[in-house]
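Engineer: Residue numbers (UniProt numbering): 1 to 437.
Heads up, the beta-carbon is just placed ideally off N, CA and C, and yes, glycines get one too.
These figures come from a predicted structure and were not determined experimentally.
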DNA sequence: CGTAGACCTCAAAA
DNA sequence: ATTTTGAGGTCTA
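#1: The alpha helix (DSSP H) spanning residue 23 covers which residue range?
#2: Take residue 34 and list the residues in its own chain whose beta-carbon comes closer than 6 Å to its own, dropping the five residues that flank it on each side.
#3: Tell me, to the nearest whole angstrom, how far the beta carbon of residue 191 is from that of residue 298; I am working on the premise that it is less than 8 Å.
#4: Would DSSP call residue 50 helix, strand or coil?
#5: Under a Cβ-count criterion, where at least 16 other Cβ atoms within 10 Å of its own Cβ denotes burial, should residue 18 be classed as buried or exposed?
#6: Classify residue 323: buried if its beta carbon has 16 or more other beta carbons within 10 angstroms, exposed otherwise.
#7: Residues bridged to residue 42 by DSSP?
#8: Would you call the stretch 280–294 and the stretch 151–159 in contact, with 3 or more CB pairs under 8 Å?
#9: At the level of alpha carbons, what is the spacing between residue 78 and residue 327?
#10: Out of 117, 170, 124, 47, which has the shortest C-alpha to C-alpha gap to residue 28?
#11: Do residue 348 and residue 140 have their C-beta atoms closer together than 8 Å?
#12: Checking the sheet assignment: what are the DSSP bridge partners for residue 64?
#13: Taking Cβ to Cβ, would you say residue 260 is nearer than 8 Å to residue 332?
#14: Is the separation between the beta-carbon of residue 229 and that of residue 243 shorter than 8 Å?
#15: What three-state label does DSSP hand residue 307 in the structure shown?
#16: Are the beta-carbon atoms belonging to residue 346 and residue 304 less than 8 Å from one another?
#17: Looking at the secondary structure, which residues open and close the beta strand (DSSP E) in which residue 218 lies?
#18: Please report the distance separating the alpha-carbon of residue 47 from that of residue 124.
#19: Starting from residue 326, follow the alpha helix (DSSP H) in both directions and report where the run begins and ends.
#20: Between the C-alpha atoms of residue 20 and residue 143, what's the straight-line distance to the nearest angstrom?
#21: Scan the stretch 264–307 and note each continuous alpha helix (DSSP H) run of 4 residues or more that stays entirely inside, going in chain order.
#22: Please classify residue 265 as buried or exposed, where buried requires at least 16 neighbouring CB atoms within 10 angstroms.
#23: Using the rule of at least 16 other Cβ atoms within 10 Å of the residue's Cβ for burial, across every protein chain shown, is residue 216 buried or exposed?
Structure representation (structure tokens):
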């Protein structure tokens with residue numbers, strides 16, 4: 001019954017190397033997407049609208065949910081930037097309204113996934129500039145930086161400090177349920193949008209968040225909400241955006257000249273964010289990259305610091321420890337190496353280092369994988385990894401939400417074998433990093 | 001100015 | 001089964 005309110009699935013031609021939602025939505029950028037247990041459907045509330053996504057090797061499929069009671073076109077409930085709430089003229093034709101919502105949903109998805117930039121071309125540029133990237137990237141294609149709401153990104157990454165992705169997701173969920181507007185209920189599950197800054201300025205917010213398990217971050221969130229809602233102009237966060245990557249519905253403009261430290265607008269945004277409670281350099285860079293569209297922002301967390309030491313010769317001499325100077329040096333190094341979208345490239349290597357995904361790098365020598373070397377037209381040797389579906393699901397073992405449905409790597413040249421959704425049992429202890437290279 | 005400790009919680013390791 | 005560790009940092013002394 002609940003599906004009666006969903007639109008039909010629409011499709012958009014996208015290859016897995018241009019976008020892999022199974023990786024992009026799980027690599028710690030956004031903490032709100034939910035994968036439905038049954039099929040490979042992902043669901044989230046975006047700008048007041050419940051969106052569902054799924055993907056096959058050639059297309060991204062999307063549909064949106066219209067709450068039965070209210071008007072078909074959901075009114076964006078002022079999640080963050082209530083200013084331009086898309087003042088649609090009141091029309092009575094419901095069919096044209098759903099058409100409008102459908103077009104709008106497509107525009108929303110293109111905006112959210114930054115689909116205007118060619119990821120494949122960026123990957124080959126980064127590969128030509130950096131042997132280490134070239135080595136790691138083939139197993140992690142289709143990883144994009146999302147264009148998230150800036151306020152949501154800010155709060156999410158305040159939650160991320162000294163924390164793990166699983167709990168960050170739980171905390172963000174609690175924020176939405178307790179303080180965000182209810183958008184709809186599907187199959188008994190309530191879908192809320194992310195709360196506005198003013199929704200988190202209540203006197204009891206800190207204590208209540210503590211009660212919900214936020215720990216010391218409760219105060220940061222409350223203080224930051226007060227600062228943004230009461231001590232900044234309306235729409236202040238969006239004024240810090242990269243003009244090339246504007247908020248939904250706005251026209252792009254020039255973003256400034258690139259330098260090793262990043263463009264001027266990025267430096268300004270970073271500095272401004274540091275004034276907020278619970279926002280240090282790393283969180284500020286996360287917000288700049290994923291919430292404000294500054295592609296050169298490189299958040300240096302423990303993972304990236306380890307990568308910098310292991311693969312880029314940091315950790316000695318002047319940059320022995322990760323202090324402020326080293327933090328900047330690491331970012332500058334990657335900006336000089338990868339260029340204006342260094343943060344995008346960083347995200348690929350970061351994901352490769354996540355425990356959830358790192359199996360892909362070592363699994364080739366472990367089990368259940370056919371590796372065959374073939375010549376590509378450009379004369380380079382390329383290792384193709386086919387993950388076979390040796391799932392052995394037989395027993396009663398219930399794989400609880402830890403299953404790892406991998407996309408088959410997009411094949412070119414040869415016929416489109418494309419192992420779709422290869423299932424592996426994913427013995428959790430899978431594989432440690434064996435070699436220090 | 002740059003550097004140790006404390007800070008909440010929880011699930012995975014030991 | 002119970003304790004310890006560590007997880008995408010930041011603030012403060």
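Structural biologist: This is what the structure holds:
#1: Residues 21–24.
#2: Excluding sequence positions up to five before and after residue 34, its CB lies within less than 6 Å of the CB of 43, all in the same chain and listed in chain order.
#3: Not a contact, Cβ separation roughly 33 Å.
#4: DSSP places residue 50 within a strand segment (E or B) once states are collapsed to three.
#5: So residue 18 counts as buried.
#6: By the Cβ neighbour-count rule, residue 323 is exposed, with fewer than 16 other Cβ atoms within 10 Å of its own.
#7: In DSSP, residue 42 forms a bridge with 35, 53.
#8: Taking 8 Å as the limit for Cβ pairs, the verdict is that the stretch 151–159 does touch the stretch 280–294.
#9: Residue placement at residue 78 cannot be trusted, given a pLDDT of 45 that sits under 50; what the coordinates show is reported in the next sentence. Straight through space, the alpha carbons of residue 327 and residue 78 are spaced by roughly 36 Å.
#10: It is 170.
#11: Yes.
#12: Paired residue(s): 51.
#13: Note that the C-beta distance between residue 260 and residue 332 is below 8 Å.
#14: In this structure, residue 229 sits away from residue 243, with a CB-CB distance that is not shorter than 8 Å.
#15: Residue 307 sits in a helix when the DSSP states are folded into three classes.
#16: Residue 304 sits close to residue 346, with the two beta carbons spaced by under 8 Å.
#17: Membership of residue 218 in any beta strand (DSSP E) is not indicated; the residue belongs instead to the alpha helix (DSSP H) covering 217–230.
#18: The alpha-carbon of residue 47 is positioned some 33 Å away from that of residue 124.
#19: Residue 326 -> alpha helix (DSSP H) spans 324–338.
#20: Between the alpha carbons of residue 20 and residue 143 lies a distance of about 6 Å.
#21: Fully enclosed alpha helix (DSSP H) runs of 4 or longer: 264–274, 281–290.
#22: With a 10 Å radius around the Cβ and a threshold of 16 neighbouring Cβ atoms, residue 265 comes out buried.
#23: Exposed, because fewer than 16 other Cβ atoms sit within 10 Å of the Cβ of residue 216.
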